[in-house]
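> Note that the protein sequences, when read in sequence, are chains A and B.
Per my numbering, residue 118 is the first one in the first sequence, and the count goes up by one each step.
Per my numbering, residue 118 is the first one in the second sequence, and the count goes up by one each step.
2 protein chains.
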Amino acid sequence: MYIEKINSPRDIKSLNIQQLEVLADEIRSGLMNRLSKRGGHLGPNFGFVEATIALHYVFDSPKDKFVFDVSHQCYTHKMLTGRSNAFFSDEHFGDVSGYTDPGESEHDFFNVGHTSTSVSLACGLAKGRDLKGEQGNIIAVIGDGSLSGGEALEGLDFAAELKSNFIIVVNDNDMSIAENHGGLYRNLKELRSSDGKCPCNLFRAMGLDYTYVSCGNDIARLIEAFRKVKDTDHPTVVHINTLKGKGFEPAETHKEEWHWHMPFDPASGADIFTGSGENYGDMTCDFLMKKMKADRSVVTMVAAVPVCIGFTEDKRKEAGSQFVDVGIAEEHAVAMASGIAKAGGKPVFATHSSFFQRTYDQILQDLCINSNPATLLVNTASVYGMHDITHLGIYDIPMMSNIPNLVYLAPTNCEEYFAMLDWSIEQSRYPVAIRMPCNGVIHTDVPVDTDYSDINRYKITQSGSKIAIIALGDFYQRGEELAKLTAEKTGTAPTLINPRYITGIDEELLEQLKADHSIVITIEDGILNGGFGEKIARFYGADSMRVYNYGLKKEFLDRYDAEDVLKENHLTPHQILDDIL
Amino acid sequence: MYIEKINSPRDIKSLNIQQLEVLADEIRSGLMNRLSKRGGHLGPNFGFVEATIALHYVFDSPKDKFVFDVSHQCYTHKMLTGRSNAFFSDEHFGDVSGYTDPGESEHDFFNVGHTSTSVSLACGLAKGRDLKGEQGNIIAVIGDGSLSGGEALEGLDFAAELKSNFIIVVNDNDMSIAENHGGLYRNLKELRSSDGKCPCNLFRAMGLDYTYVSCGNDIARLIEAFRKVKDTDHPTVVHINTLKGKGFEPAETHKEEWHWHMPFDPASGADIFTGSGENYGDMTCDFLMKKMKADRSVVTMVAAVPVCIGFTEDKRKEAGSQFVDVGIAEEHAVAMASGIAKAGGKPVFATHSSFFQRTYDQILQDLCINSNPATLLVNTASVYGMHDITHLGIYDIPMMSNIPNLVYLAPTNCEEYFAMLDWSIEQSRYPVAIRMPCNGVIHTDVPVDTDYSDINRYKITQSGSKIAIIALGDFYQRGEELAKLTAEKTGTAPTLINPRYITGIDEELLEQLKADHSIVITIEDGILNGGFGEKIARFYGADSMRVYNYGLKKEFLDRYDAEDVLKENHLTPHQILDDIL
Numbered sequence: 118m119y120i121e122k123i124n125s126p127r128d129i130k131s132l133n134i135q136q137l138e139v140l141a142d143e144i145r146s147g148l149m150n151r152l153s154k155r156g157g158h159l160g161p162n163f164g165f166v167e168a169t170i171a172l173h174y175v176f177d178s179p180k181d182k183f184v185f186d187v188s189h190q191c192y193t194h195k196m197l198t199g200r201s202n203a204f205f206s207d208e209h210f211g212d213v214s215g216y217t218d219p220g221e222s223e224h225d226f227f228n229v230g231h232t233s234t235s236v237s238l239a240c241g242l243a244k245g246r247d248l249k250g251e252q253g254n255i256i257a258v259i260g261d262g263s264l265s266g267g268e269a270l271e272g273l274d275f276a277a278e279l280k281s282n283f284i285i286v287v288n289d290n291d292m293s294i295a296e297n298h299g300g301l302y303r304n305l306k307e308l309r310s311s312d313g314k315c316p317c318n319l320f321r322a323m324g325l326d327y328t329y330v331s332c333g334n335d336i337a338r339l340i341e342a343f344r345k346v347k348d349t350d351h352p353t354v355v356h357i358n359t360l361k362g363k364g365f366e367p368a369e370t371h372k373e374e375w376h377w378h379m380p381f382d383p384a385s386g387a388d389i390f391t392g393s394g395e396n397y398g399d400m401t402c403d404f405l406m407k408k409m410k411a412d413r414s415v416v417t418m419v420a421a422v423p424v425c426i427g428f429t430e431d432k433r434k435e436a437g438s439q440f441v442d443v444g445i446a447e448e449h450a451v452a453m454a455s456g457i458a459k460a461g462g463k464p465v466f467a468t469h470s471s472f473f474q475r476t477y478d479q480i481l482q483d484l485c486i487n488s489n490p491a492t493l494l495v496n497t498a499s500v501y502g503m504h505d506i507t508h509l510g511i512y513d514i515p516m517m518s519n520i521p522n523l524v525y526l527a528p529t530n531c532e533e534y535f536a537m538l539d540w541s542i543e544q545s546r547y548p549v550a551i552r553m554p555c556n557g558v559i560h561t562d563v564p565v566d567t568d569y570s571d572i573n574r575y576k577i578t579q580s581g582s583k584i585a586i587i588a589l590g591d592f593y594q595r596g597e598e599l600a601k602l603t604a605e606k607t608g609t610a611p612t613l614i615n616p617r618y619i620t621g622i623d624e625e626l627l628e629q630l631k632a633d634h635s636i637v638i639t640i641e642d643g644i645l646n647g648g649f650g651e652k653i654a655r656f657y658g659a660d661s662m663r664v665y666n667y668g669l670k671k672e673f674l675d676r677y678d679a680e681d682v683l684k685e686n687h688l689t690p691h692q693i694l695d696d697i698l
Numbered sequence: 118m119y120i121e122k123i124n125s126p127r128d129i130k131s132l133n134i135q136q137l138e139v140l141a142d143e144i145r146s147g148l149m150n151r152l153s154k155r156g157g158h159l160g161p162n163f164g165f166v167e168a169t170i171a172l173h174y175v176f177d178s179p180k181d182k183f184v185f186d187v188s189h190q191c192y193t194h195k196m197l198t199g200r201s202n203a204f205f206s207d208e209h210f211g212d213v214s215g216y217t218d219p220g221e222s223e224h225d226f227f228n229v230g231h232t233s234t235s236v237s238l239a240c241g242l243a244k245g246r247d248l249k250g251e252q253g254n255i256i257a258v259i260g261d262g263s264l265s266g267g268e269a270l271e272g273l274d275f276a277a278e279l280k281s282n283f284i285i286v287v288n289d290n291d292m293s294i295a296e297n298h299g300g301l302y303r304n305l306k307e308l309r310s311s312d313g314k315c316p317c318n319l320f321r322a323m324g325l326d327y328t329y330v331s332c333g334n335d336i337a338r339l340i341e342a343f344r345k346v347k348d349t350d351h352p353t354v355v356h357i358n359t360l361k362g363k364g365f366e367p368a369e370t371h372k373e374e375w376h377w378h379m380p381f382d383p384a385s386g387a388d389i390f391t392g393s394g395e396n397y398g399d400m401t402c403d404f405l406m407k408k409m410k411a412d413r414s415v416v417t418m419v420a421a422v423p424v425c426i427g428f429t430e431d432k433r434k435e436a437g438s439q440f441v442d443v444g445i446a447e448e449h450a451v452a453m454a455s456g457i458a459k460a461g462g463k464p465v466f467a468t469h470s471s472f473f474q475r476t477y478d479q480i481l482q483d484l485c486i487n488s489n490p491a492t493l494l495v496n497t498a499s500v501y502g503m504h505d506i507t508h509l510g511i512y513d514i515p516m517m518s519n520i521p522n523l524v525y526l527a528p529t530n531c532e533e534y535f536a537m538l539d540w541s542i543e544q545s546r547y548p549v550a551i552r553m554p555c556n557g558v559i560h561t562d563v564p565v566d567t568d569y570s571d572i573n574r575y576k577i578t579q580s581g582s583k584i585a586i587i588a589l590g591d592f593y594q595r596g597e598e599l600a601k602l603t604a605e606k607t608g609t610a611p612t613l614i615n616p617r618y619i620t621g622i623d624e625e626l627l628e629q630l631k632a633d634h635s636i637v638i639t640i641e642d643g644i645l646n647g648g649f650g651e652k653i654a655r656f657y658g659a660d661s662m663r664v665y666n667y668g669l670k671k672e673f674l675d676r677y678d679a680e681d682v683l684k685e686n687h688l689t690p691h692q693i694l695d696d697i698l
């Protein structure tokens, strides 16, 4: 196999086109080995094999620098830069992440996992090169729906100001994670169907030079195109048309399903682990479908990740105009939700905790200053959420809960979650965010409140004395365990509290606790800094009440084991009780 | 005067073109009256008089709905919707804000002050209208550099998906606050010079219908154009070429200087109040100019507000390629700064606290996960910063200080500020943000540290006992006053601490304080929730130390008096001491 002899990009430069094509096949077998056993971004990687080979053939990494957008298409790049073991040897799977990582290789320049950042990051590399009088090509790769993201569009617009070498490879596979959304994709289609000759051209309209390659999986044609732009003295777009999932028939046919995939049988494409039982994605979808059918003014919104709340293609069709996928455009989504609410509609916008980070200003300015009653569903906001450093869901409490006017709710079980969601959709007074539970679907027989308009009213779920445990959201069950353990060990039942509201404190209840409690413990599923517990610590700051805040340390985690992290942060009920006693 | 008889937009519909032109002159006299005495956005309002008259003449507000971007061009709209008193009667100046405000009028739909939001907000109004089966035109107005902002570009891209009436008026005055930046403005120029006929068209490339009006200050031509798009069934851009500052010669000539202006003499254009003495804008510019001359790898970056750090046109020219104005594109700026730092450059990006809100995700993902040593200068981050609800500088501590890896510094005087800035530029380990002082230029004779690499090391500036005062950043002087007062009233000198680091706590020092202190007071210039003091409260949560956190309440303020707000929050030294004793 050629791949066995490739330790650096230099090693592919002596191969001829036919050999490179064989190499592409070998790479796909490596991709298949890792992805079928471990899961990951299948479609993006399978589609970008030839382009990556051609890039490394023409350019000289790391002197020439590649910046991959999202970097979920970088597996071939990893294989060609000395990391092929992590694809062919199962015991080395753990050596590499699913994204570029400067800690792994001198050929990776950034830890990247969010969309739409490559052009701006690469503009920085180009500017740095020019300031220091250095040489080399800077190549940003972008595609897969990322173009519609505000950061990417800002970057494209700015790139035209560079007066030196800068190459943007637009990997156009006619897809986002789901189908593309937005007018610019019509222009990409026009460009594809006119072989790049259509005079109305988004990239030229942004002030950039432009070239088109129709066969983005043809190594020879790609090499030819990249050679033409190598060492040029101005910014250029190379628009290449690739086939997402190329080389694996199920992925070519069902692109959305195979964008990211769980482990599967390579022969049949069948999932190895099939999910069973309830999940909040499907349940949220069912709930919203019912609401939408009953009320034409309810509208569900997503930003390119519809399946995070269960909206598969059939559900999207069924919802019709009451379902809006804005594409990768989270800022737009939040502002638009504010507008819909202002007009009397009832918008629910859902995305991941990590992706809400794009919308801090829109939540504060467009939504909360205007107090419009939109609902934000914050998904995978938990230590149990996504485990890559670029997708952590543990920062949303400090980010969102300190914004005035926002009501941020933390349900503790399934019934409470849907009661909160229902209340939020039907009320017309507050912008509301709901932290979707992330600890499995837990049911309760205890009736839950249906009205949450008495803001910041915590709920005592077990009355006791001496110790009060305030257990937020999906760490409520942890609080229950701690309460049980405390009663066992101390002989006194503690008070257990479901605070429900992340955005404020129940001063009356906290005041009352002073009467027969000397210890308050807070537990939250996120970093402590700027979070929920610190507000309780501040409240009791000048009192004799002893306050212990439990949550996560402020740090970046990467590919972690949740239970290990919980232990390191002393978050098991035994650890907490030991600390206090 | 016609304007005296106009109480609602209906009242202008009976006027003929000549009368409307007289009305425009009257409106300019109202603008001049208010702006010359009170200051405000001069250029944007003078340039948009005719377009606003034509919009209200053709459309039927509030059934037809206008959403103004930034809304700093909405003064004529205010005059035509029953608020002309606030322009002609000096005693009524305070009746209106400088932006649209639903609290003022049914013709205003959003409190808006940040750029690039109108298209997305208006998309929401359009979607809400359609969901509810209502009628009416939705018109988003955008221009003045706002098009380059990511949120606007996301909105433009999405707008093409609407299948109903939606009108985007692009107010093209060939300017941002300073000159425009970005490739798309070249396309606007091509469109202007081809009378809108150039086949490469950004708006068409975004999937939108398009029409061009060359004379954007000609009421008759504008009326004609708006009539053509009224009640159309799909999204359309009306690109109008206006003259910024039209009708006031100094503003037509010096567009940047007159974008926003302090009170002035209407005859000569001369400023009424001339600034004297030192200011951090000019001093920061001088400092950075020296750094840049000494080191070619230092680069100053701004996003359309160069003068906030003193970079007037002559200074920008002098700095040459070491000065980058990315235009309104804050997300891009932070990501690009990360890239420059990665490439070995030394970037300093400055903007207002309120505008950094656009970049939460870029600070966390593009910059801090990658630990690249870029410097962020956070301006007007204070209760003494900008006083409009949309421009408040009191939320940056909770937003930024809880992001891992970031070192956020709070200088307490001029010498410390520049020492921190110098250290930050020269170090290569941390992403650093610096909270520019906002309480006047205060000097010190006490030598300041030059090395801040021993992260989270607080500085005891006065040793005492019983009470420790931790006074952050530009509230340090407030801490000094409190210390003096405390010594006077209690007979015991307290300890005074300059914490310097917002992003972490000095556990060793806080531990030591336990020996001979029973009270810790924190004082910070921002909201308490998620802020600095709460971290101190958490540290001492389980101890007997009494902790008092002083800062601002979590709320939206609008056009406030800073001293009143400080009193309401018990932030005067006398109030603090009274609380504690």
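Glycine included, every Cβ here is placed at the ideal spot set by N, Cα and C.
(1) Within 8 Å of any Cβ in chain B, is that where the Cβ of E296 (chain A) sits?
(2) Any beta-carbon of chain B closer than 8 Å to the one on R309 (chain A)?
(3) Taking the Cβ atom as the reference point for each residue, do I259 (chain A) and V287 (chain A) lie within a distance shorter than 8 Å?
(4) Taking CB distances under 8 Å as the criterion, tell me whether L481 (chain A) reaches chain B.
(5) Taking CB distances under 8 Å as the criterion, tell me whether G650 (chain B) reaches chain A.
(6) With a cut-off of 8 Å, does the C-beta of N519 (chain A) fall near any C-beta of chain B?
(7) Interface residues of chain A around Q135 (chain B) at Cβ under 9 Å?
(8) Answer with yes or no whether the minimum CB distance from R475 (chain A) to chain B is below 8 Å.
(9) With 8 Å set as the bound, which would you pick, yes or no: does the beta-carbon of H710 (chain B) sit closer than that to a beta-carbon of chain A?
(10) How would you write the range of the beta strand (DSSP E) that A491 (chain A) sits in, first residue to last?
(11) For the beta strand (DSSP E) that contains A550 (chain A), what are its first and last residues?
(12) For A239 (chain B), return the contacting residues in chain A, with the cut-off set at a CB-CB distance below 8 Å.
(13) How about H449 (chain A): is its C-beta nearer than 8 Å to some C-beta of chain B?
(14) Report the residue from A:K407, A:D128, A:H469 whose alpha carbon sits nearest the alpha carbon of V424 (chain A).
(15) Can you name the residues of chain B whose CB is closer than 9 Å to the CB of M323 (chain A)?
(16) Within 8 Å of any Cβ in chain A, is that where the Cβ of I340 (chain B) sits?
(17) Name the residues in the region 215 to 227 of chain A whose C-beta lies less than 9 Å from a C-beta of chain B; which are they?
(18) Would Y665 (chain A) count as contacting chain B if we go by Cβ distances under 8 Å?
(19) Determine, using beta carbons only, whether I285 (chain B) comes closer than 8 Å to chain A.
(20) Taking 8 Å as the threshold, find out whether the region 159 to 178 of chain B comes into contact with the region 351 to 366 of chain B through three or more Cβ pairs.
(21) I need the straight-line Cα distance from I284 (chain A) to M118 (chain A), nearest angstrom please.
(22) Where does K583 (chain B) sit, in a helix, a strand or coil, going by DSSP?
(23) Reducing DSSP to helix, strand and coil, say where G643 (chain B) ends up.
(24) For E201 (chain A) and Y657 (chain A), what's the separation of their Cα atoms in angstroms?
(25) So what does E296 (chain B) bridge to, in DSSP terms?
(26) Run through chain A and tell me which residues come within less than 7 Å of V443 (chain B), C-beta to C-beta.
(27) Should A550 (chain B) be flagged as near chain A, meaning a C-beta pair shorter than 8 Å?
On the basis of the coordinates in this document:
(1) Stepping through the first sequence from its first residue, residue 296 (chain A) is reached at position 179. Residue-level contact check: E296 (chain A) does not touch chain B, since none of the beta carbons of chain B fall below 8 Å from its beta carbon.
(2) Residue numbering aside, residue 309 (chain A) sits at position 192 when the first sequence is read from its first letter. Not one chain B Cβ lies under 8 Å of R309 (chain A).
(3) The residue labelled residue 259 (chain A) in the question sits at position 142 within the first sequence. The residue labelled residue 287 (chain A) in the question sits at position 170 within the first sequence. Yes, they are a contact pair.
(4) Residue numbering aside, residue 481 (chain A) sits at position 364 when the first sequence is read from its first letter. So yes, L481 (chain A) belongs to the interface.
(5) The residue labelled residue 650 (chain B) in the question sits at position 533 within the second sequence. With 8 Å as the cut-off, G650 (chain B) counts as an interface residue toward chain A.
(6) Locating residue 519 (chain A) in the first sequence gives position 402, counting from the first residue. Taking Cβ atoms only, chain B reaches closer than 8 Å to N519 (chain A), which makes this a yes.
(7) Your numbering for residue 135 (chain B) matches position 18 in the second sequence. Within 9 Å Cβ-Cβ: nothing; Q135 (chain B) doesn't reach chain A, min ~37 Å.
(8) Translated into positions along the first sequence, residue 475 (chain A) becomes position 358. Answer yes: the Cβ-Cβ gap between R475 (chain A) and chain B drops below 8 Å somewhere.
(9) Outside the displayed span of chain B (118 to 698) sits residue 710 (chain B), for which this structure offers no information.
(10) Taking the first residue of the first sequence as 1, we reach residue 491 (chain A) at position 374. Counted as a single uninterrupted DSSP element, the stretch harbouring A491 (chain A) is not any beta strand (DSSP E), since DSSP gives it neither H nor E.
(11) Reading the first sequence from its first residue, position 433 is the one you call residue 550 (chain A). First-last of the beta strand (DSSP E) with A550 (chain A): 549 to 552.
(12) Locating residue 239 (chain B) in the second sequence gives position 122, counting from the first residue. Within 8 Å Cβ-Cβ: G456.
(13) Within the first sequence, numbered from 1, the residue matching residue 449 (chain A) stands at position 332. It does: the Cβ of H449 (chain A) has a partner Cβ on chain B nearer than 8 Å.
(14) Numbered from its first residue, the first sequence carries residue 424 (chain A) at position 307. That would be A:H469, whose Cα lies nearest to the Cα of V424 (chain A).
(15) Taking the first residue of the first sequence as position 1, residue 323 (chain A) is located at position 206. Correct list: G299, G300, L301, R303, N304, L319, A322.
(16) Stepping through the second sequence from its first residue, residue 340 (chain B) is reached at position 223. Judged by the 8 Å Cβ criterion, I340 (chain B) is not in contact with chain A.
(17) Result list: P219, F226, F227.
(18) As a position in the first sequence, residue 665 (chain A) is number 548, starting the count at 1. Yes, Y665 (chain A) counts as interfacial toward chain B.
(19) Along the second sequence, one-based indexing puts residue 285 (chain B) at 168. No, I285 (chain B) does not count as interfacial toward chain A.
(20) yes
(21) As a working mapping, residue 284 (chain A) is identified with position 167 in the first sequence. As a working mapping, residue 118 (chain A) is identified with position 1 in the first sequence. Their Cα atoms are separated by approximately 32 Å.
(22) As a working note, residue 583 (chain B) is residue 466 in the second sequence. Strand.
(23) Stepping through the second sequence from its first residue, residue 643 (chain B) is reached at position 526. Looking at G643 (chain B) - three-state DSSP - the assignment turns out to be strand.
(24) For this step, residue 201 (chain A) is matched to residue 84 along the first sequence. For this step, residue 657 (chain A) is matched to residue 540 along the first sequence. Residue 201 (chain A) is actually Ser in this sequence, not Glu. In this structure, the alpha-carbon of S201 (chain A) lies about 56 Å from that of Y657 (chain A).
(25) Taking the second sequence and counting its residues from 1, one reaches residue 296 (chain B) at position 179. Its beta-bridge partners are B:M292.
(26) Translated into the one-based positions of the second sequence, residue 443 (chain B) becomes position 326. Those within 7 Å of V443 (chain B) in chain A are F275.
(27) For the purposes of this step, residue 550 (chain B) is identified with residue 433 of the second sequence, where counting begins at 1. No - not a single Cβ of chain A is within 8 Å of the one on A550 (chain B).
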